[in-house]
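So the protein sequences, as listed, match chains A and B. Sequential numbering from 18 applies to the first sequence in this note's numbering. Sequential numbering from 18 applies to the second sequence in this note's numbering. Each residue gets a CB set at the ideal place from its N, CA and C atoms; glycine is no exception.
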Amino acid sequence: MKTPEPKNEKPTVCGGGLKISVCLGSPCLASGAEGVLRALREAWGEKPIAVIGTGCMGPCSRGPMIRIERDGYPTAYYERMTPQAACTTVAAYLAGAAPEQGRLAPDFPFIALQTRVVLEQCGRIDPCDLNSARAAGGYRALAHAIGKMTPEQICCEIGASGLRGRGGGGYPTGTKWELVRAASGRRKYVVANGDEGDPGAFMDRTLMESDPHRLLEGMAIAGYAVGARDGFIFVRGEYPLAAQRLGAAIVDAGKAGLLGRNILGSGFSFRIRLRIGAGAFVCGEETALMASVMGRRGQPVIRPPYPAQRGLWGSSTLINNVETFGCIAPIIRNGAAWFRSVGTPGNSGTKVFSISGDVATEGVLEVPLGTPLRELLAMAGGVSGGSFKAAQTGGASGGCIPASHMDVPVDYESLKGLGTIMGSGGLIVMNDQRCMTDVARFFMHFCQDESCGKCAPCRTGTQQAARLLDRIAAGEATSDDISQLEQLCRFMRETSLCGLGMAAPTPVLSTLRWFREEYENHVRDRRCPAGVCAMEGTPCRD
Amino acid sequence: MNVHDSHRADDRHRALERVMQQHRLRPDSLIEILHAAQRQFGWLDRDVLGLIAARLRLPPSLVYGVASFYHAFRLEPPGRHRCTVCTGTSCHLKGGSRLLQQLEQHFGIACGATAPDGSLTLENVRCLGACGLAPLIVIDDEACPHASFGPVVERLTASLDGEDTSP
Ligand SMILES: Cc1cc2nc3c(=O)[nH]c(=O)nc-3n(C[C@H](O)[C@H](O)[C@H](O)COP(=O)(O)O)c2cc1C
Ligand code: SF4
Ligand code: FES
Ligand code: FES
Chain A
18 MKTPEPKNEK PTVCGGGLKI SVCLGSPCLA SGAEGVLRAL REAWGEKPIA
68 VIGTGCMGPC SRGPMIRIER DGYPTAYYER MTPQAACTTV AAYLAGAAPE
118 QGRLAPDFPF IALQTRVVLE QCGRIDPCDL NSARAAGGYR ALAHAIGKMT
168 PEQICCEIGA SGLRGRGGGG YPTGTKWELV RAASGRRKYV VANGDEGDPG
218 AFMDRTLMES DPHRLLEGMA IAGYAVGARD GFIFVRGEYP LAAQRLGAAI
268 VDAGKAGLLG RNILGSGFSF RIRLRIGAGA FVCGEETALM ASVMGRRGQP
318 VIRPPYPAQR GLWGSSTLIN NVETFGCIAP IIRNGAAWFR SVGTPGNSGT
368 KVFSISGDVA TEGVLEVPLG TPLRELLAMA GGVSGGSFKA AQTGGASGGC
418 IPASHMDVPV DYESLKGLGT IMGSGGLIVM NDQRCMTDVA RFFMHFCQDE
468 SCGKCAPCRT GTQQAARLLD RIAAGEATSD DISQLEQLCR FMRETSLCGL
518 GMAAPTPVLS TLRWFREEYE NHVRDRRCPA GVCAMEGTPC RD
Chain B
18 MNVHDSHRAD DRHRALERVM QQHRLRPDSL IEILHAAQRQ FGWLDRDVLG
68 LIAARLRLPP SLVYGVASFY HAFRLEPPGR HRCTVCTGTS CHLKGGSRLL
118 QQLEQHFGIA CGATAPDGSL TLENVRCLGA CGLAPLIVID DEACPHASFG
168 PVVERLTASL DGEDTSP
């Protein structure tokens, strides 16, 4: 469809100053964003309206999302766009209106209440266009770091910022960088962990797809700071779009002299290569990840030695999570003190969460660390389909937070206190229709599937625990089975070789801690209170 | 194998060789090369694994060991159509696992297996990272957000039937 430009109006009023962004994150693409972009471009071409494709705008479950910016008007977001609806909306804008249909409220909390540091440019820039990233400040921090700072100063600044690893452990990033910087050896490596294997986590995918240059910039600064010339990005195999955009970004940055040999004429060289995962959750564990980068089976080895001491090909290696690297450029640009001023003492900066499950809006949220869980839920529009029952953090390695602790500030220590972990940022909200034993059983089966089989406590422990949970779900268990399950869990936690096996019991222990009576209902009364597990007397839903 | 097929096979081998050269036959690129081989051939048969082992100067047992370790590598030919059901956390909660069971029953194939006539492979994945669209299914690389049994079966049946018309 073609809507003619209205006559008798100055281009500054209509068309001129009208900028339309179409979200091309993979959730929006799966909902049909490409058709929306095509229709808008066909109708208006590049002029007088700018139509650009961007990365994720945040509220992915409401996609395809578009944003309309126009001089003198507030920025508007439109949800669930079809090609037809998008063209109609834009046509109305050209006629001077701002239609209500599909428009999110101006203060839509999911968008308005975010504090975007890592995701600053996600959904704003065109991830496939280096100029778009640079116009928004991309690579300025890199230029500053290699032009004006020494490697020691950078490590010091990162240390002073209080940044902690966003991959789950929360290890101080500055300390890790300093270890690698001080390590001897001619060759060193920088690795970005983009494996994001936790089911329900999609923060790193969002950053890699929406602002790939942010990751490259963070890695290059790290390379300069620790004395590495080579970097690898390990991207989860299920994320082809992230890999594609990163690959293109690496080529573009290389051509512009921002990566590769003699970056910005400084004499510093840094090359980044992509490694695509092949579908193994355990490869997110750093020693397994390194084995995989070197082309081997992704099986963990006992630490120490840590990667900082002996990593890729025996050399000192810096491994950080994708989001951790995403924090680097803003820290260099704005300073450590600024970063510390966001969040809480001991938990500086922001954290990106991917919120999904039973909430009104599912998608990607960035908030200061220490934000209460209740506030996160409110931003997502509250619980849908029932009342709040629990939120799972940390995926298969984490636990749940019950309604009685909804005010917990989401930071590393507070979550630990509740028997769960921050993890990488996946947040799954469950309403009262969900069965917690079913959730525990789900995660245990996941760990059983993903156990690499190297050590017996994890290999056979996950298998036995899964079988016990199956019995509970089928209404065939005895109370002995619950205590056996608890024993097994403690054993796995204490004797497994790597974090996968050590943390596999967490979902069970956590649901037992907060929802023990639900287990007892299954065992004693042979009843699933939520009606999820198929057993006598309950509707068969499984 | 007719002439047409053997040309295609040659092209694929050439493409694989190109990738191996790009990686300078480095053994540490094994996983990248397995990915490339699977892109070309759809799966990894013994001959291809043997060829890769020879070119990278690795023991065939090691190449097989790596290929069999990772879920992404297929050591058996896939069906002409593929249905991938997400059984990540959100998708599980919203019925993904149940949907998978129903599809297994309906088509009489277990998850991970291919129909005897080679028409359809049914498989699962633990989260595609688009949990807001749960339950999510991918049919022949096309995503079906908020999937439910009826429409998915309809769509699959249509693709399976449509096969007869295309050579
Ligand atoms: C089973 C397992 C899976 C993991 N998966 C990931 C992952 O997907 N992404 C990630 O960044 N870290 C993951 N980690 C943590 C990494 O081992 C490592 O601690 C992290 O990448 C370090 O980066 P950071 O200091 O920036 O957090 C995982 C650890 C374990 C034990
Ligand atoms: S704990 Fe599990 S995943 Fe880790 S090494 Fe042992 S078997 Fe492998
Ligand atoms: S992918 Fe479009 S809003 Fe997240
Ligand atoms: S759980 Fe299915 S996409 Fe994440």
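Just tell me which of 50/A, 516/A, 482/A and 537/A has its CA closest to the CA of residue 298/A. 516/A
Going by the beta-carbon positions, is the gap between residue 492/A and residue 453/A smaller than 8 Å? Not in contact: residue 492/A and residue 453/A (Cβ atoms no closer than 8 Å).
If you follow the alpha helix (DSSP H) that residue 85/B is part of, which residue opens it and which one closes it? Note, residue 85/B: alpha helix (DSSP H), 77-86.
Contact between the region 356-363 of chain A and the region 232-245 of chain A (3+ Cβ pairs under 8 Å): no
Specify, as a first and last residue, the run of the beta strand (DSSP E) that residue 118/A falls within. Note, residue 118/A: premise wrong, no beta strand (DSSP E); not H, not E.
Proximal residues to residue 253/A (C-beta, below 6 Å), its chain only, five neighbours per side dropped: 212, 213 and 294
Residues of chain B with a CB under 7 Å from the CB of residue 313/A: which are they? 83
List the residues of chain A that residue 142/B touches, going by C-beta distances under 7 Å, in chain order. 255
For residue 393/A and residue 587/A, believed in contact at Cβ under 8 Å, the rounded distance: Past the boundaries of the shown model lies residue 587/A; chain A is included only from 18 to 559, so the question cannot be answered.
When you compare only the Cα positions, how much space is there between residue 388/A and residue 441/A? 16 Å
For residue 278/A, does the three-state DSSP call read helix, strand or coil? Reduced to three states, the DSSP call for residue 278/A is coil.
Take every Cβ of the region 165-175 of chain A, pair it with every Cβ of the region 193-206 of chain A, and state whether three or more of those distances are shorter than 8 Å. Proximity of the region 165-175 of chain A to the region 193-206 of chain A meets the contact definition, three or more beta-carbon pairs being nearer than 8 Å.
Taking DSSP's pairing of strands, which residues face residue 132/B in a bridge? DSSP, once it has assigned bridges, lists no residue as partnering residue 132/B.
For ligand 3, which residues have a Cβ under 5 Å from at least one heavy atom, in chain order? 40/A, 42/A, 44/A, 45/A, 73/A, 74/A, 77/A, 80/A and 82/A
Runs of beta strand (DSSP E) wholly within the region 220-298 of chain A (minimum 3 residues, chain order): Along the region 220-298 of chain A, the beta strand (DSSP E) occurs as fully enclosed runs of 3 or more residues at 247-252 and 288-293, listed in sequence order.
Ordered along the chain, which non-local residues of its own chain (more than five positions away) have a Cβ less than 8 Å from that of residue 188/A? 181 and 182
What span of residues does the alpha helix (DSSP H) with residue 371/A cover, start to end? Careful: residue 371/A lies outside any alpha helix (DSSP H), inside the beta strand (DSSP E) at 367-374.
Distance between beta carbons of residue 173/B and residue 117/B, contact taken as under 8 Å: So it is not a contact: roughly 13 Å between Cβ atoms.
For residue 127/A, three-class secondary structure by DSSP: helix
Kindly list, in the order they appear in chain B, the residues whose Cβ is closer than 7 Å to that of residue 11/A. This structure cannot settle anything about residue 11/A, because the visible part of chain A is limited to 18 through 559.
List, in order along the chain, the chain A residues whose C-beta lies closer than 8 Å to that of residue 48/B? Within chain A, the residues near residue 48/B are 292, 293, 295, 309 and 312.
Runs of beta strand (DSSP E) wholly within the region 371-456 of chain A (minimum 3 residues, chain order): 380-385, 405-410, 417-419 and 443-448
Residue-level contact to chain B via CB, residue 44/A, 8 Å cutoff: yes
Do you know offhand how far residue 474/A's Cα is from residue 510/A's? Each residue's Cα considered, the two are about 9 Å apart.
In three-state DSSP terms, what is residue 496/A? helix
Could you check which residue in 346/A, 312/A and 307/A has the C-alpha nearest to that of residue 320/A? 307/A
Rounding to the nearest angstrom, what Cα-Cα distance links residue 23/B and residue 247/A in this structure? If I take the Cα positions, the gap works out to 41 Å.
Can you tell me the Cα-Cα spacing of residue 357/A and residue 384/A, whole angstroms? 14 Å
When we look at the beta-carbon of residue 158/B and count the other beta-carbons within 10 Å, is it buried (16 or more) or exposed? exposed
Residue from 325/A, 133/A and 522/A with nearest C-alpha to residue 501/A: 522/A
The alpha helix (DSSP H) that contains residue 87/A, what's its start and end? From DSSP, residue 87/A is part of no alpha helix (DSSP H) but of the beta strand (DSSP E) over 83-87.
Rank 313/A, 87/A and 123/A by C-alpha distance to the C-alpha of residue 96/A and give the top, closest one. 123/A
Please tell me whether residue 204/A has its Cβ less than 8 Å away from any Cβ of chain B. no
Only counting the same chain, and skipping five residues up and downstream in sequence, which positions put a Cβ closer than 7 Å to that of residue 460/A? 413 and 524
Roughly how many whole angstroms lie between the Cα atoms of residue 168/B and residue 154/B? Counting only the Cα atoms, residue 154/B lies some 11 Å from residue 168/B.
Using the C-alpha atoms, what's the distance from residue 255/A back to residue 57/A? 29 Å
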